[in-house]
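Shown next, in structure tokens, is the structure this report addresses.
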Amino acid sequence: MHPNGSIIAVGIGPGAPEHITPAARQALESADVIIGYHTYLRLIAEIAPHVRRIGSGMRQEVERVRHAIQLAQQGNRVALVSGGDAGIYGMAGLLLEMLRAQHLSGMCVHIIPGISALNAAAALLGAPLMTDFAAISLSDYLVSRETILRRVEAAAQADFVLCLYNPKSSQRREMFDQVCALLRRYRAPDTPVGVVRAAYRPDQQVTLTTLERLPEVAVDMHTLVIVGNSSTYVHDNRMVTPRGYAEHRDLNE
Ligand code: SAH
Numbered sequence: 178m179h180p181n182g183s184i185i186a187v188g189i190g191p192g193a194p195e196h197i198t199p200a201a202r203q204a205l206e207s208a209d210v211i212i213g214y215h216t217y218l219r220l221i222a223e224i225a226p227h228v229r230r231i232g233s234g235m236r237q238e239v240e241r242v243r244h245a246i247q248l249a250q251q252g253n254r255v256a257l258v259s260g261g262d263a264g265i266y267g268m269a270g271l272l273l274e275m276l277r278a279q280h281l282s283g284m285c286v287h288i289i290p291g292i293s294a295l296n297a298a299a300a301l302l303g304a305p306l307m308t309d310f311a312a313i314s315l316s317d318y319l320v321s322r323e324t325i326l327r328r329v330e331a332a333a334q335a336d337f338v339l340c341l342y343n344p345k346s347s348q349r350r351e352m353f354d355q356v357c358a359l360l361r362r363y364r365a366p367d368t369p370v371g372v373v374r375a376a377y378r379p380d381q382q383v384t385l386t387t388l389e390r391l392p393e394v395a396v397d398m399h400t401l402v403i404v405g406n407s408s409t410y411v412h413d414n415r416m417v418t419p420r421g422y423a424e425h426r427d428l429n430e
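As structure tokens, this is what we get:
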């Protein structure tokens, strides 16, 4: 193995260049090669244009990491790109898993944090994540439907605010409807729900709705859904989950 090879798992944020951290930008600029899903490489087209890029399609994650490891072993500084944060449904975990499976230790690996979709969506909606919340991916590609539904139910029962990643794809539509029905068993029909599509990208859409009306809202794989808890409200078009200050202090003066 070449001593100077390295892999940096880089989270590039939700989409806009100003939401890429300086550390992530620097990692991209100093890389010999940038590897990632085509869509994410497109989002960072303007950054480090001189650096070689290797793009691949969806569900090519294992191949991408394998390639990254090979290139690092040849002495390259590899930037392995994830949307949002590399450690939240991103490439960081698979990278560490594959290094372990291949009995590779001592490789120079860094993980650069990024702004995840939940941070981006929360900021666009108001302040829905001020108290305890749970993130759940509705993708049944790697996790069984039963497990996903069990987790949604447990989080709903425990009154967590919910951030639903990968809510719906063209091949997977029923799961979302099932989740909506399950949530309605534990939360009031007028519970506020924020639906954010393509946060901080040119085609961004922000919708405030209610649990009752959620099935009518267009939701796809570029969307994050935030379901409020029993105390979440909407004021002046902003979704807020109070943290509890009002119970201890006068907030009206
Ligand atoms: N690592 C990423 C998540 C990858 S899973 C992160 O930390 O954000 C992909 C899912 O993330 C999408 O299906 C969608 O639910 C959500 N997502 C990613 N970017 C988004 C964006 N700009 N706007 C809304 N949702 C987004």
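Quick note: the sequence shown uses this note's numbering, first residue 178, plus one each step.
Glycine is no exception: its CB is placed at the ideal position from the N, C-alpha and C atoms.
Quick caveat: nothing in here was measured; it's all calculated off a predicted structure.
* **Cβ-Cβ distance between residue 201 and residue 261 below 7 Å** => no
* Kindly identify the DSSP beta-bridge partner or partners of residue 403. => 340 and 371
* Compare the C-alpha of residue 281 against each of 374, 184, 189 and 231 and name the closest. => 184
* **Whole-angstrom distance between residue 190 and residue 198, CA atom to CA atom** => 8 Å
* To do: Check the C-beta distance from residue 404 over to residue 341 and give it rounded, since I have them as a contact under 8 Å.
  => 7 Å
* Asked: If you draw a straight line from the C-alpha of residue 294 to the C-alpha of residue 343, how long is it?
  -> 11 Å
* In angstroms with no decimal places, state the Cα-to-Cα distance between residue 354 and residue 317. => 14 Å
* Heavy atom of ligand 1 within 6 Å of residue 262 beta-carbon -> yes
* To do: Would you kindly check if the distance between the Cβ of residue 286 and the Cβ of residue 248 is under 7 Å?
  => no
* To do: Evaluate residue 407 with the Cβ neighbour count: other Cβ atoms within 10 Å of its Cβ, from every protein chain shown; 16 or more gives buried, anything less gives exposed.
  => exposed
* Nearest to residue 212 (by Cα), restricted to the options 233, 204 and 393 -> 233
* To do: Taking only heavy atoms of ligand 1 into account, decide whether any of them is closer than 6 Å to the Cβ of residue 259.
  => yes
* To do: Using three-state DSSP, classify residue 396 as helix, strand or coil.
  => coil
* Asked: Are the region 366-373 and the region 381-393 touching by the rule of at least three beta carbon pairs closer than 8 Å?
  -> yes
* **beta-carbon residue 265 near ligand 1 non-hydrogen atom, thresh 6 Å** => yes
* Asked: Which residues in the same chain as residue 263 place their Cβ atom closer than 8 Å to its Cβ, once the five residues preceding and following it in sequence are excluded?
  -> 186, 187, 188, 257, 269, 288, 289, 290 and 291
* Do you know how far the Cα of residue 360 is from the Cα of residue 391? -> 11 Å
* Less than 8 Å between the CB atoms is what I'm expecting for residue 409 and residue 305, so what's the real figure, rounded? => 6 Å
* **residue 384 in three-state terms, based on DSSP** => strand
* **Any non-hydrogen atom of ligand 1 within 6 Å of residue 392 CB** => no
* Got a sec? Which residues, its chain only, sit under 6 Å from residue 382 by beta carbon, not counting five neighbours each side? -> 374
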